[in-house]
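Data first, discussion second: the structure below is written as structure tokens.
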Amino acid sequence: MLIFADILSSTILFAVPLLLVALGGMFSERSGIINIALEGIMIIGALLSCLFLRAMDQIGWGAAHPQLAVFCAILVAALSGAVFSMLLAFASVHLKANQTIGGTALNMLAPAFAIVLTWAIQGQGQTTIAIPKWVRITSEASQEVFFNRLIFKSLYLTTPIAIVLLVASVIILYKTRLGLRLRACGEHPQAADSVGINVYKMRYIGVFISGMLGGIGGLAFTVASGSGFQSQVAGYGFLALAVMIFGNWKPLNILGASLFFAFFKILGSYSSAIPFLPDFEGIKSSEYIYLMLPYVVTMIVLVLTSRKSRAPKAEGIPYDKGSR
39 MLIFADILSS
49 TILFAVPLLL
59 VALGGMFSER
69 SGIINIALEG
79 IMIIGALLSC
89 LFLRAMDQIG
99 WGAAHPQLAV
109 FCAILVAALS
119 GAVFSMLLAF
129 ASVHLKANQT
139 IGGTALNMLA
149 PAFAIVLTWA
159 IQGQGQTTIA
169 IPKWVRITSE
179 ASQEVFFNRL
189 IFKSLYLTTP
199 IAIVLLVASV
209 IILYKTRLGL
219 RLRACGEHPQ
229 AADSVGINVY
239 KMRYIGVFIS
249 GMLGGIGGLA
259 FTVASGSGFQ
269 SQVAGYGFLA
279 LAVMIFGNWK
289 PLNILGASLF
299 FAFFKILGSY
309 SSAIPFLPDF
319 EGIKSSEYIY
329 LMLPYVVTMI
339 VLVLTSRKSR
349 APKAEGIPYD
359 KGSR
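Residue numbers 39 to 362, in our numbering, belong to the letters of the sequence shown in order.
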């Protein structure tokens with residue numbers, strides 16, 4: 039039974055970055071901006087927050103106040119992701135550039151910048167920023183009870199923060215004036231403008247929130263992977279886009295989609311420990327078959343659900359104040 043507790047625990051752990059980044063993409067696209075740059079935003083957020091954790095570990099403050107240091111790192115990730123996302127917002131809103139091309143350019147910029155900055159700080163060739171052991175809330179040892187193993191084996195501060203942000207996203211999107219205005223700007227910006235809503239401002243806000251959540255998601259992915267920051271996030275930004283589409287741009291649906299995709303990722307990692315799964319003995323490089331699962335499932339699900347997905351009507355269309 040403990041293996042199933044491990045699978046569920048790891049599923050939650052890897053669902054957190056997907057949830058955060060997909061929620062970020064949702065806010066951006068609800069305001070009318072396609073955010074292809076989620077991968078790059080994750081990288082920048084993870085880069086600067088991991089450098090912050092490294093610095094706190096070196097001066098000894100992090101070990102003395104571990105969760106306060108992690109909370110500060112989450113704030114650093116949010117701020118750095120938000121600032122980086124403003125490049126997309128400026129290009130999309132004021133320059134009216136193609137949003138897909140702009141996002142792709144930022145995705146190419148982010149890993150290159152991460153490698154250059156990491157080498158500049160750690161020395162050439164030192165591309166991995168190690169994550170201090172004290173970032174974990176609970177110890178991995180002595181977790182032989184199913185419930186303890188499920189909840190406390192790999193618990194990081196990013197998990198409760200993600201739950202709070204999910205609840206906040208639902209409230210903001212559906213219960214506040216800001217959420218109503220964001221949705222209006224993504225559906226019919228001309229109508230929103232006609233009643234006095236500043237469409238440009240709303241789209242900046244949507245992308246800013248997207249950058250904050252994407253940056254935190256980058257840190258969440260890095261601590262979940264456990265191998266340190268390596269100037270990449272393994273395509274999680276693009277997987278989060280699939281989660282957002284599968285979740286139909288709705289927070290609670292995105293939560294379910296995040297758990298769904300994370301489960302298949304973890305299933306690949308634990309496949310050898312699950313007795314009833316076929317081992318594909320005799321097939322060359324069979325260990326990669328299960329590792330392909332989350333990406334294969336992503337393509338299949340998108341094919342099956344794309345007809346029912348309803349994106350905001352005005353997403354990807356630059357707003358021209360003079361047009362009606």
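By construction, the Cβ of each residue, glycine as well, lies at the ideal position given by its N, Cα and C atoms.
Note that the structure is predicted; figures quoted are calculated from it, not measured.
Between the alpha carbons of Ile235 and Val261, how many angstroms are there, rounded? Each residue's alpha carbon lies about 40 Å from the other.
Under the assumption that Met250 contacts Gly119 (Cβ atoms under 8 Å), give the Cβ distance between them as a whole number of angstroms. Confirmed, Cβ separation roughly 6 Å.
Return yes when the Cβ of Leu218 is within less than 9 Å of the Cβ of Ser69, no when it is not. Between Ser69 and Leu218, the C-beta spacing is not below 9 Å.
Ile254 and Thr196 - do their beta-carbons sit closer together than 9 Å? Yes.
For Ala152, which option in Ala349, Cys88 and Leu58 has the closest C-alpha, if you only look at C-alpha atoms? The shortest C-alpha separation from Ala152 is found at Cys88.
Taking Cβ to Cβ, would you say Phe276 is nearer than 9 Å to Leu76? Yes. Within cutoff.
Classify Met94 as buried or exposed, calling it buried when 16 or more other Cβ atoms lie within 10 Å of its own Cβ. With 16 or more other CB atoms across the displayed protein chains lying within 10 angstroms of its CB, Met94 is buried.
Of the residues Asp44, Arg92 and Thr156, the one placed nearest Ala107, counting alpha carbons only: Comparing Cα positions, the closest option is Arg92.
What does the alpha-carbon distance come out to for the pair Ile210 and Leu216? One C-alpha to the other measures close to 7 Å.
Residue range of the alpha helix (DSSP H) that Val261 falls in? Going by DSSP, Val261 is part of the alpha helix (DSSP H) stretching over Val237 to Ser263.
Excluding sequence positions up to five away, which residues of its chain have a Cβ less than 7 Å from the Cβ of Val237? Result list for Val237: Cys223, Pro227, Ala230, Asp231 and Tyr357, in chain order.
When you compare the region 56 to 74 with the region 272 to 286, are there three or more beta-carbon pairs, one atom per stretch, that lie closer than 8 Å? A contact exists between the region 56 to 74 and the region 272 to 286.
Could you have a look at Tyr328 and say whether DSSP puts it in helix, strand or coil? Of the three classes helix, strand and coil, the one that applies to Tyr328 here is helix, per DSSP.
Taking the continuous alpha helix (DSSP H) assigned at Asp358, which residues delimit it? Counted as a single uninterrupted DSSP element, the stretch harbouring Asp358 is not any alpha helix (DSSP H), since DSSP gives it neither H nor E.
What distance in whole Å lies between the Cβ atoms of Asn136 and Val245, which are believed to be in contact at a cut-off of 8 Å? Not really, about 15 Å apart at Cβ, beyond 8 Å.
Secondary structure, alpha helix (DSSP H): runs of 4+ residues fully inside the region 156 to 234: Correct list: 184 to 190, 196 to 213, 215 to 225 and 227 to 232.
Are the beta-carbon atoms belonging to Gly78 and Pro170 less than 9 Å from one another? Not a contact, by the Cβ cut-off of 9 Å.
Top-ranked residue by Cα proximity to Tyr333, from Ile304, Ile355, Leu155 and Ala84: Nearest neighbour of Tyr333 by Cα position, chosen from Ile304, Ile355, Leu155 and Ala84, turns out to be Ile304.
In terms of alpha-carbon separation, which member of Ser344, Leu329 and Lys288 lies closest to Ala300? Ala300 has its Cα closest to that of Leu329, out of Ser344, Leu329 and Lys288.
Starting from Gln270, follow the alpha helix (DSSP H) in both directions and report where the run begins and ends. In the DSSP annotation of this structure, Gln270 is not part of any alpha helix (DSSP H), being labelled neither H nor E.
Closest residue to Ser263 among Phe42, Ala53 and Ala43 (Cα-Cα distance): The closest CA to that of Ser263, considering only Phe42, Ala53 and Ala43, is found on Ala53.
In this structure, how does DSSP classify Ser48 when only helix, strand and coil are distinguished? DSSP places Ser48 in helix when its eight states are reduced to three.
Please go through the same chain and pick out, in chain order, the residues whose beta-carbon is closer than 8 Å to the beta-carbon of Lys346, but skip the five residues on each side of it. Contacts found: Asn286.
Please state if the CB of Gly252 and the CB of Ser123 are separated by a distance shorter than 9 Å. Their beta carbons are under 9 Å apart, which means Ser123 touches Gly252 by this criterion.
Please say whether Thr166 and Gln96 have beta carbons closer to each other than 9 Å? No, they are not a contact pair.
When you measure from the CB of Val208 to every non-hydrogen atom of the ligand ADP, does any distance come out below 8 Å? As far as ligands go, the structure on display features none, and thus does not contain the ligand ADP.
For Ser130 and Asp44, what's the separation of their Cα atoms in angstroms? Going by the C-alpha atoms only, they are around 43 Å apart.
Cβ of Thr138 within 9 Å of any chain D Cβ: As a matter of chain content, chain D is missing from the structure shown, which is built from one protein chain.
Check for me: the alpha helix (DSSP H) holding Glu77 runs from which residue to which? Here the alpha helix (DSSP H) through Glu77 covers Leu76 to Ile97.
Along the chain, where does the alpha helix (DSSP H) that runs through Val121 open and close? Residues Pro104 to Ala127.
Please work out which residues of its chain come closer than 7 Å, Cβ to Cβ, to Thr142, disregarding the five sequence neighbours upstream and downstream, and give them in chain order. So the list reads Ile74, once near-sequence residues are dropped.
Suppose you measure from the CA of Ser66 to the CA of Ala102; what does that come to, to the nearest Å? If you take the alpha carbons of Ser66 and Ala102, they lie about 38 Å apart.
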